[in-house]
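So the protein sequences, as listed, match chains A and B. Residues in the first sequence are numbered consecutively from 20, following this note's numbering. Residues in the second sequence are numbered consecutively from 20, following this note's numbering. Idealized CB from N, CA, C, for every residue including glycine. Scroll down for the structure; my scribbles are underneath it.
Protein chains: 2
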Amino acid sequence: MSRKKDNFIPPSVATDVVIFTIIDDELNVLTVERTYGPEGWSLPGGFVGEKEDLEEAAQRTLFEKTGVKDVYLEQLYTFGDPKRDPRGRVISIAYFALVSAEAVSAKNGKDTKGLKWQPLKKIPKLAFDHNEILSYATKRLVWKMEYTNVVYSLLPKYFSLTDLQKVYEIVLGRDIDKRNFRRKILSTGMIKATKMKEGGAHRPAIMYQFTDKDIRFISNPFGQFLKK
Amino acid sequence: MSRKKDNFIPPSVATDVVIFTIIDDELNVLTVERTYGPEGWSLPGGFVGEKEDLEEAAQRTLFEKTGVKDVYLEQLYTFGDPKRDPRGRVISIAYFALVSAEAVSAKNGKDTKGLKWQPLKKIPKLAFDHNEILSYATKRLVWKMEYTNVVYSLLPKYFSLTDLQKVYEIVLGRDIDKRNFRRKILSTGMIKATKMKEGGAHRPAIMYQFTDKDIRFISNPFGQFLKK
DNA sequence: CCAAAAGTGTTCAAGTTACACCCATGC
DNA sequence: GCATGGGTGTAACTTGAACACTTTTGG
């Protein structure tokens, strides 16, 4: 309540967005090259507009950088260490987003200059506390994959069970037994066969799609899965 | 990045804290009577100091209202609807805290006037979006109870298995089978018998305490437990 | 016919659920 | 001796984990 002291300088409020996608069988994160302030890379973000909701601000950042809308976006955590930005007090509400690689490559954001997808495993030291934000986001992602059907946001409309399994293996970082995976994933009812098969090189796979695109908890979560 | 426009009024930043405890076998929430702005009850909270970390601000609120420190406190969610406070733009980082009833009754906060513990089931319409914050906090609480050992923050140092079970029943809102509860809780290793027995009215119970007071995930979470 | 990915079942171990009676104490 | 809360075991079922071979297609 000690608000109206003289000389009270209100903090700035920003959002930063951790945007994940899968490229070349690796989990990637979108980074931007800094043009002012501390040099190097950082997460995409920006200040919250005067009459803008927090999620709107995050959505705006996401759209400006990737050109996509209607993707999975959720609030992650708010970072407010008084010294997290050397230039002054900035409180950042971090969001995390999942986009499918094809959605992004289709329509690019308007300012793609200075943007770079970087494999999570090779992320350099980022500006501010952005490595910490990223680490937080990564934990949340793994958790969401195990307990919910978020995986839909990382895949195109149609996909084979092998495609789906690969995404789980990449994000969870371990191999999964094919037979157990299939039994379990099908028992959740989160996907349905569309009977359409691709015309590829080998035996054609049954293509699936998600039954719904609302986030949902899985009845018997993917505890540990099993070795391949 | 459209920050440095003229006339940009930075939002105020506050924290609000949802403080739960158990009183008379009911889950209670601490509310404060409003003295300015919208009338009625609201959650305890206050503006974030100029050089204050967010969690510090929440901790300060908690201490001022309840007189307790070192209790379970975690960041919940950040609420930032531009119209959530009719007086102007205020972004609120909500926290949620668990205290044991005995800890609070022991040492009271400095300004107890206007404070009231209210049973969750009888909470009236609160100011701003505080009912929404509360609802969010309640969901988080239930989740944490099922998947972690947070329950330690709601109990005194020594307690019987019946005490413990009662807390679960109150928070989860369902009856639990005694035998299954005991087997499971003991198998987690989160509590240990201290062999001390009370001198009460009936057959004395074995008293337990928690093996550690760090938040920890439970290996086989309390899925549904079982009917009594 | 061969390389490559798709597809498919069973067995054993572990965990979950349902369920009912005796025990120790104070009064 | 009785009321009250404390304490205990087992059987049926469900879920989890480990494991290997056959099928289909293109080239």
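Strictly under 8 Å for the Cβ-Cβ distance: is residue i near chain B by that measure?
{"i": "Y171 of chain A", "result": "no"}
{"i": "D89 of chain A", "result": "no"}
{"i": "S31 of chain A", "result": "yes"}
{"i": "E69 of chain A", "result": "yes"}
{"i": "R22 of chain A", "result": "Its pLDDT being 45, under 50, R22 of chain A is placed unreliably in this model, and the value from its coordinates should be taken loosely. Chain B contact via Cβ: present."}
What's the C-alpha gap between residue i and residue j?
{"i": "A116 of chain A", "j": "N239 of chain B", "result": "29 Å"}
{"i": "D44 of chain A", "j": "S119 of chain B", "result": "48 Å"}
{"i": "V170 of chain B", "j": "W162 of chain A", "result": "21 Å"}
{"i": "K70 of chain B", "j": "L73 of chain A", "result": "23 Å"}
{"i": "D100 of chain B", "j": "T34 of chain B", "result": "14 Å"}
{"i": "F236 of chain B", "j": "H221 of chain A", "result": "44 Å"}
{"i": "T40 of chain B", "j": "S179 of chain B", "result": "18 Å"}
{"i": "L145 of chain B", "j": "Y114 of chain A", "result": "28 Å"}
{"i": "G68 of chain B", "j": "I142 of chain A", "result": "34 Å"}
{"i": "L46 of chain A", "j": "T167 of chain A", "result": "18 Å"}
{"i": "V186 of chain B", "j": "T230 of chain B", "result": "18 Å"}
{"i": "L205 of chain A", "j": "M164 of chain A", "result": "15 Å"}
{"i": "F241 of chain B", "j": "K232 of chain B", "result": "19 Å"}
{"i": "K135 of chain B", "j": "D89 of chain B", "result": "21 Å"}
{"i": "F8 of chain A", "j": "A76 of chain A", "result": "Not covered by the structure: residue 8 of chain A. The range shown for chain A is 20 to 247."}
{"i": "H149 of chain B", "j": "V36 of chain B", "result": "10 Å"}
{"i": "P223 of chain A", "j": "T213 of chain A", "result": "13 Å"}
{"i": "I234 of chain A", "j": "R106 of chain B", "result": "35 Å"}
{"i": "I112 of chain A", "j": "E58 of chain B", "result": "29 Å"}
{"i": "F200 of chain B", "j": "G86 of chain B", "result": "33 Å"}
{"i": "K23 of chain B", "j": "R108 of chain A", "result": "Any reading at K23 of chain B is ruled out, since the residue's pLDDT is 48, under 50, leaving its predicted position unreliable."}
{"i": "R198 of chain A", "j": "K84 of chain A", "result": "39 Å"}
{"i": "G219 of chain A", "j": "D104 of chain B", "result": "57 Å"}
{"i": "S124 of chain B", "j": "F98 of chain B", "result": "31 Å"}
{"i": "E151 of chain B", "j": "T207 of chain B", "result": "33 Å"}
Using a C-beta to C-beta distance shorter than 8 Å, which residues of chain B count as neighbours of residue i?
{"i": "T97 of chain A", "result": "L73, Q94, T97, I112"}
{"i": "P63 of chain A", "result": "Within 8 Å Cβ-Cβ: nothing; P63 of chain A doesn't reach chain B, min ~10 Å."}
Give a yes or no on whether the minimum CB-CB distance between residue i and chain A is below 8 Å.
{"i": "K163 of chain B", "result": "no"}
{"i": "I28 of chain B", "result": "yes"}
{"i": "P250 of chain B", "result": "The displayed coordinates of chain B run from 20 to 247. Any statement about residue 250 of chain B would go beyond what the structure contains."}
{"i": "D233 of chain B", "result": "no"}
{"i": "L139 of chain B", "result": "no"}
Give the residues of chain A in contact with residue i, contact being defined as C-beta atoms less than 9 Å apart.
{"i": "D148 of chain B", "result": "Neighbours of D148 of chain B on chain A: none; closest Cβ ~12 Å, over 9 Å."}
I believe residue i touches residue j by the beta-carbon criterion, under 8 Å. Please report the beta-carbon distance rounded to the nearest angstrom.
{"i": "R61 of chain A", "j": "F147 of chain A", "result": "Inspection of the sequence shows that residue 61 of chain A is occupied by Ser rather than by Arg. With 8 Å as the limit, S61 of chain A and F147 of chain A qualify as a contact, their Cβ atoms being about 7 Å apart."}
{"i": "D194 of chain B", "j": "E188 of chain B", "result": "6 Å"}
{"i": "P63 of chain A", "j": "E121 of chain A", "result": "20 Å between Cβ atoms; not a contact."}
{"i": "V48 of chain B", "j": "L191 of chain B", "result": "About 17 Å; that fails the 8 Å criterion."}
{"i": "M209 of chain A", "j": "Y177 of chain A", "result": "Contact doesn't hold; Cβ gap of about 15 Å is too wide."}
{"i": "G65 of chain B", "j": "T80 of chain B", "result": "5 Å"}
{"i": "E217 of chain A", "j": "G133 of chain A", "result": "36 Å between Cβ atoms; not a contact."}
{"i": "K211 of chain A", "j": "Q228 of chain A", "result": "6 Å"}
{"i": "Y155 of chain B", "j": "Q94 of chain A", "result": "Not really, about 11 Å apart at Cβ, beyond 8 Å."}
{"i": "P138 of chain A", "j": "P29 of chain B", "result": "The pair is not a contact, with the Cβ atoms about 36 Å apart (cut-off 8 Å)."}
{"i": "S172 of chain B", "j": "Y55 of chain B", "result": "About 32 Å; that fails the 8 Å criterion."}
Would you list, in sequence order, the uninterrupted beta strand (DSSP E) runs of no fewer than 3 residues that lie entirely inside the segment 173-235 of chain B?
Counting only runs of 3 or more, we get 210-216, 225-229.
Secondary structure, beta strand (DSSP E): runs of 3+ residues fully inside the segment 88-133 of chain B:
91-98, 109-117
Give, in chain order, every unbroken run of the beta strand (DSSP E) that is at least 3 residues long and sits entirely within the segment 30-76 of chain B.
31-42, 45-52, 64-66
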